[in-house]
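Under my numbering, the first residue of the sequence shown carries the number 117, and numbering increases by one thereafter.
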Amino acid sequence: MKSSVSEDLGCRRGDFSRKHYGSVELLISSDADGAIQRAGRFRVENGSSDENTPALPGTWRRTDVHLENPEYHTRWYFKYFLGQVHQNYIGNDTEKSPFFLSVTLSDQNNQRVPQYRAILWRKTGTQKICLPYSPTKTLSVKSILSAMNLDKFEKGPREIFHPEIQKDLLVLEEQEGSVNFKFGVLFAKDGQLTDDEMFSNEIGSEAFQKFLNLLGDTITLKGWTGYRGGLDTKNDTTGMHSVYTVYQGHEIMFHVSTMLPYSKENKQQVERKRHIGNDIVTIVFQEGEESSPAFKPSMIRSHFTHIFALVRYDQQNDNYRLKIFSEESVPLFGPPLPSPPVFTDHQEFRDFLLVKLINGEKATLETPTFAQKRRRTLDMLIRSLYQDLMPDLHKNMLNRRSFSDVLPESPRSARKKEEARQAEFVRIGQALKLKSIVRGDAPSSLATSGICKKEPWEPQCFCSNFPHEAVCADPWGQALLVSTDAGVLLVDDDLPSVLVFDKTLPVKQMHVLETLDLLILRADKGKDARLFVFRLSTVQKGIEGKQTVKSKYDCRENKLEKTKGCHLYAINTHHSRELRIIVAIRNKLLLITRKHNKPSGITSISLLSPLLESPVEEFQYIREICLSDSPAVMTLVDGPTEESDNLICVAYRHQFDVVNESTGEAFRLHHVEANRVNFVAAIDVYEDGEAGLLLCYNYSCIYKKVCPFNGGSFLVQPSASDFQFCWNQAPYAIVCAFPYLLAFTTDSIEIRLVVNGNLVHTAVVPQLQLVASRSDIYFTATAAMNEVSSGGSSKRASAHNSPQTPPGRDTPVFPPSLGEGESQSKNLYKIPLRNLVGRSIERPLKSPLVSKVITPPTSIGVGIAAIPVTHSLSLSRMEIKEIASRTRRELLGLSDDGGPRLEGVPKAKSKTRKQLEESQGAHKPGITSGSLESPSTSEAHLEGRYHSTSSDPDPVTDREGSPVAGSPFQLTASSDEDIIDLK
117 MKSSVSEDLG
127 CRRGDFSRKH
137 YGSVELLISS
147 DADGAIQRAG
157 RFRVENGSSD
167 ENTPALPGTW
177 RRTDVHLENP
187 EYHTRWYFKY
197 FLGQVHQNYI
207 GNDTEKSPFF
217 LSVTLSDQNN
227 QRVPQYRAIL
237 WRKTGTQKIC
247 LPYSPTKTLS
257 VKSILSAMNL
267 DKFEKGPREI
277 FHPEIQKDLL
287 VLEEQEGSVN
297 FKFGVLFAKD
307 GQLTDDEMFS
317 NEIGSEAFQK
327 FLNLLGDTIT
337 LKGWTGYRGG
347 LDTKNDTTGM
357 HSVYTVYQGH
367 EIMFHVSTML
377 PYSKENKQQV
387 ERKRHIGNDI
397 VTIVFQEGEE
407 SSPAFKPSMI
417 RSHFTHIFAL
427 VRYDQQNDNY
437 RLKIFSEESV
447 PLFGPPLPSP
457 PVFTDHQEFR
467 DFLLVKLING
477 EKATLETPTF
487 AQKRRRTLDM
497 LIRSLYQDLM
507 PDLHKNMLNR
517 RSFSDVLPES
527 PRSARKKEEA
537 RQAEFVRIGQ
547 ALKLKSIVRG
557 DAPSSLATSG
567 ICKKEPWEPQ
577 CFCSNFPHEA
587 VCADPWGQAL
597 LVSTDAGVLL
607 VDDDLPSVLV
617 FDKTLPVKQM
627 HVLETLDLLI
637 LRADKGKDAR
647 LFVFRLSTVQ
657 KGIEGKQTVK
667 SKYDCRENKL
677 EKTKGCHLYA
687 INTHHSRELR
697 IIVAIRNKLL
707 LITRKHNKPS
717 GITSISLLSP
727 LLESPVEEFQ
737 YIREICLSDS
747 PAVMTLVDGP
757 TEESDNLICV
767 AYRHQFDVVN
777 ESTGEAFRLH
787 HVEANRVNFV
797 AAIDVYEDGE
807 AGLLLCYNYS
817 CIYKKVCPFN
827 GGSFLVQPSA
837 SDFQFCWNQA
847 PYAIVCAFPY
857 LLAFTTDSIE
867 IRLVVNGNLV
877 HTAVVPQLQL
887 VASRSDIYFT
897 ATAAMNEVSS
907 GGSSKRASAH
917 NSPQTPPGRD
927 TPVFPPSLGE
937 GESQSKNLYK
947 IPLRNLVGRS
957 IERPLKSPLV
967 SKVITPPTSI
977 GVGIAAIPVT
987 HSLSLSRMEI
997 KEIASRTRRE
1007 LLGLSDDGGP
1017 RLEGVPKAKS
1027 KTRKQLEESQ
1037 GAHKPGITSG
1047 SLESPSTSEA
1057 HLEGRYHSTS
1067 SDPDPVTDRE
1077 GSPVAGSPFQ
1087 LTASSDEDII
1097 DLK
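#1: Using the Cα positions of L261 and Y848, report the straight-line distance between them to the nearest angstrom.
#2: Could you give the first and the last residue of the continuous beta strand (DSSP E) run that contains M750?
#3: Is the number of C-beta pairs between the region 539–552 and the region 269–279 that are closer than 8 Å three or more?
#4: Would E733 be called buried (16 or more neighbouring beta carbons within 10 Å of its own) or exposed?
#5: Which residue from S379, E381, G345 puts its Cα closest to that of I396?
#6: Using three-state DSSP, classify Y669 as helix, strand or coil.
#7: In terms of residues, what are the limits of the beta strand (DSSP E) holding Y856?
#8: Does the beta-carbon distance from C842 to V870 come in below 8 Å?
#9: What does the Cβ neighbour count give for R233, buried or exposed, with the cut at 16 atoms within 10 Å?
#10: Looking only at C-alpha atoms, which of K704, N688, R696, L810 sits nearest to K680?
#11: To which residues of the same chain is I368 closer than 6 Å at the C-beta, ignoring the five residues directly before and after it?
#12: With distances taken from CA atoms, which of V160, P452, F401 is nearest I319?
#13: Taking the beta carbon of D223 as the centre, do at least 16 other beta carbons fall within 10 Å, making it buried, or is it exposed?
#14: Between the C-alpha atoms of P248 and E673, what's the straight-line distance to the nearest angstrom?
#15: Below 7 Å CB to CB, which residues in the same chain sit around R499 once its five sequence neighbours on both sides are set aside?
#16: Using DSSP with H/G/I as helix, E/B as strand and the rest coil, what is P451?
#17: Kindly list the residues whose CB is nearer than 7 Å to the CB of L198, restricted to its own chain and excluding five residues on each side of it in sequence; keep chain order.
#18: Report the partner residues of I371 according to the DSSP bridge assignment.
#19: Going by the beta-carbon positions, is the gap between D352 and L376 smaller than 8 Å?
#20: Over what stretch of residues does the beta strand (DSSP E) that includes G476 continue unbroken?
#21: Please report the distance separating the alpha-carbon of D601 from that of S653.
#22: At the level of alpha carbons, what is the spacing between S941 and L884?
#23: Ordered along the chain, which non-local residues of its own chain (more than five positions away) have a Cβ less than 6 Å from that of H422?
#24: Could you give the DSSP three-state label for N581: helix, strand or coil?
#25: So is E406 buried or exposed if we call it buried at 16+ other beta carbons inside 10 Å?
#26: Quick one: is M496 buried, meaning 16 or more other Cβ sit within 10 Å of its Cβ, or exposed?
#27: Just tell me which of G661, D610, I697, T664 has its CA closest to the CA of Q625.
#28: Using a threshold of 8 Å, state whether the C-beta atoms of W573 and L810 are closer than that.
#29: Check W192 in the structure and name its three-state DSSP category.
#30: Excluding the 5 residues flanking S263 on each side, which residues of the same chain have their C-beta closer than 7 Å to its C-beta?
#31: Could you spell out the range, first to last residue, of the alpha helix (DSSP H) harbouring H391?
#32: Does DSSP put T336 in a helix, a strand or coil?
#33: Can the beta-carbon of C579 be found less than 8 Å from the beta-carbon of L944?
#34: On the DSSP letters alone, give me the boundaries of the beta strand (DSSP E) that K244 sits inside.
#35: Using DSSP with H/G/I as helix, E/B as strand and the rest coil, what is K820?
Put into structure tokens, the structure is as follows:
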């Protein structure tokens, strides 16, 4: 039987290759006489094996362009703490090294999901985690530090009351790297082989000037007030002009070789090398034909430049070709180059190049050279700050209460004094925030492009108003088989749900294997738990014939009796070759396979008697394996030969072990150094055909290369490809779909890259529950039908946090109950796997999301379709001025003429949404349009969650669009948390 597209993708979802990110080569440069000058090892990214491969139509390999570890998601102290009520603590660990801890209770992106955020500053770096909020349980400092694996202290943490501590902690956060960047741009003529020749080019060519115009705006340096990137803006000593742009909130200054001072007497052009040679990233624009001698990084004498981007312009075809050289020690960074690395769309090339360069500079800061310098600086700052605070221990600046509850209620006698202190604390923090914004050093989500961008993880509403609690599910064709509290249902988005098994059969795990015509279920619990196997064709006939719904009694012939008491099972990923099932019954593992029958004529399916309704007789028990404890997580790993080298990865106690499936011999894979361990997943992935494992527990995720067995033994040894990272919030499920790794928590989806663990996006999804992920990803989430009530949550929070009426402690804002005029429903959403793994993006059936349109503050009216806005110098300065102007108006208590926050704002938003929906008819099918809005409208939109503006029909089934349910994600450009409230 031919495998379906979804099952085929599901089997290959964990297959990936680092070769997309280039290969390391020894590059040697020589002079005109052929003498070797310099050599170096660089990772070379071509996008294809043959650099000279012509760009044929249809050969483009899709590559998604994302900023990795975007500051808007990683600079927590600026975004969630600064200018807000929060607590700061100081302490010493067992090695007598000082540390600082900041804790706040925040609303996650205005989705009314209260949670604790904590930042721990230590000499080794910064750790950030989210912790769930419970109104009935207070959280102690000790429990927060324990979650960060800091359980023992030399001195207990004490609270810091002084408001000036915010300035010092902001400096600590800024050690993560600048939010602005400076890149070198070097012009090289055809045939130039040395850096002296390249730096001596006094002027560029017409093609080079065209490239500079694409990168940004030419600005006059004298009197320049924006980010200057080390250039002189007073006396013209570094040239009169330069190129500058703003990209997704980052200010970028380009050090252009032909714009820096030129000296006829100085052949080495030291003044030019002083700037470009000290840039981490340099663009080399090389003229000439593809067959001419190519640029090599070893031609440039610089110990500081780690990344070179070689750009060639094909004037005949009007396209750009890109090649990336990265010093060997630089970690992998994306986006990977398309194949071939040729860009005919110039705006697309600009976006790709800038993102690649920004990600590259961030990755370079993780190399040993830069990381050690950063750690030394951080250690020095922390120790200096600790010594400054210690003399004030007895001056009521530090609280002596160790392990005090986070955000407790103040005593009534001291409430007024505490409120006054908090008002001053918030005022100073907001002044620091304003200063950072005006100075241009603030992490911002504002972008200078209004292009509609459809993200690969954008979900589709599969079923609105799903009335049941889902336990687990698995796709079956275009439908979804779901186990619920009412039984097992077959759900399709445009058809009524069909009950397949009643609630007497409580299913806890399931697999729908269409290629094998099998349905596997684990039902019941405790001693009554068993595995059940059914023929899908038989189940389908029962549904089509509208037979009686099956009960537990009707399924007695489908039991695998030896699985009695099982609490977990797993199947192999590539089950279309040979199905292997491993069943855990307490500390015993039972290996089960399906019998192979030789094909005889028309079919290879079992020929045991006339085809029995129950496939139980087709399964055989191979062996039992005893473990030292009951496994909490279990995964099958396919060996390279699939004969005697298959593995079972199990997690129990404080360790991950791998077990030889043939011999039952167990080997230690990883030991967890933590007091409490919550095992999440062990995911089998295959890098260039070699097996590896992603081990996830608590907040950690570790990649381990699985070495093959040698004579029945297994040696665990560290590999250069092993890496580790930490999630921001403890997940309960992990899904791998290369190039992405998705972590599901109770109220968010954290999206990272498999190859390096870098954060790409965090989507807030209230009351999230993952139900299926073997092929397409399905999850349930609550969505408010009435998005904004008369008193929006963000508005209430803003008034609540006002310094004029400061609270004793920040109180979380809860969603109103159903009786308060807001009805809530649970929707079933789907993220197509083909979107994530790099295939063409499906148009949604019912998209629950608004397209990610970043809206710069302009005066364009609401309802106009999003128009691609090119980078503009004046626009970027307008953004900063608009923020400062709006903040000053709020500080002085003046109303915002552009859009005051009134009770009528929600109604205006509803009208805006209607206008947007009506405007969709003017656009071409398949293109989701957004809107550019004025500052007042932007603020109004921030009062509540976005709705989708359109529902595109499915291109395959040609379904009609239907009303869109509320979006579970928050994909706005900015949030109320970024609007400084200084009323």
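Beta carbons are placed, not taken as given, at the ideal position from N, Cα and C, and that holds for glycine.
Taking the coordinates as given:
#1: Their Cα atoms are separated by approximately 20 Å.
#2: Element bounds for M750: 749–753.
#3: With a cut-off of 8 Å, the region 269–279 and the region 539–552 count as touching, because enough Cβ pairs lie within range.
#4: That one is exposed.
#5: Of all alpha-carbon atoms in S379, E381, G345, the one lying nearest the alpha-carbon of I396 is that of G345.
#6: The answer is helix: DSSP assigns Y669 an H, G or I state.
#7: Where Y856 is concerned, the enclosing beta strand (DSSP E) stretches over 856–860.
#8: Remark: C-beta atoms of C842 and V870 do not approach each other more closely than 8 Å.
#9: Buried is the call here.
#10: Restricting attention to K704, N688, R696, L810, the CA atom closest to the CA of K680 is found in K704.
#11: The beta carbon of I368 sits closer than 6 Å to those of F297, T361, all from its chain and outside the five residues before and after it, given in chain order.
#12: Nearest C-alpha to I319: F401.
#13: Buried is the label assigned to D223, since at least 16 other Cβ atoms lie within 10 Å of its Cβ.
#14: The alpha-carbon atoms of P248 and E673 are separated by roughly 45 Å.
#15: Close CB contacts of R499 within its chain, under the 7 Å cut and outside five residues either way in sequence, are with P214 (chain order).
#16: Under the three-state reduction of DSSP output, P451 falls in the coil class, being neither helix nor strand.
#17: Around L198: Q282, L286, G545, L548, K549.
#18: Note that residue 371 is His in the sequence shown here, rather than Ile. Beta-bridge pairing links H371 to G300.
#19: For the pair D352 and L376, the CB atoms are not nearer than the 8 Å cut-off.
#20: Note, G476: premise wrong, no beta strand (DSSP E); alpha helix (DSSP H) at 462–480.
#21: Approximately 25 Å, taken between the alpha carbons.
#22: Using only the alpha carbons, I get a separation of about 12 Å.
#23: Cβ neighbours of H422 beyond the five flanking positions: I396, E443, V446, T480.
#24: Residue state for N581 is assigned as coil, using DSSP reduced to three classes.
#25: Answer is exposed; the Cβ neighbour count stays below 16.
#26: In this structure M496 is exposed. Its beta-carbon is surrounded by fewer than 16 other beta-carbon atoms within 10 angstroms.
#27: Comparing C-alpha distances from Q625 to each of G661, D610, I697, T664 shows the shortest one belongs to I697.
#28: Result no, Cβ atoms of W573 and L810 do not sit closer than 8 Å.
#29: Three-state DSSP puts W192 in a helix.
#30: Per the sequence shown, residue 263 should be read as Ala rather than Ser. Excluding sequence neighbours, A263 sits near I245, L247.
#31: H391: member of the alpha helix (DSSP H) spanning 386–392, first to last residue.
#32: In this structure, DSSP gives T336 an extended state, which the three-state scheme calls strand.
#33: For C579 and L944, yes; Cβs fall inside 8 Å.
#34: Where K244 is concerned, the enclosing beta strand (DSSP E) starts and stops at 241–248.
#35: Of the three classes helix, strand and coil, the one that applies to K820 here is strand, per DSSP.
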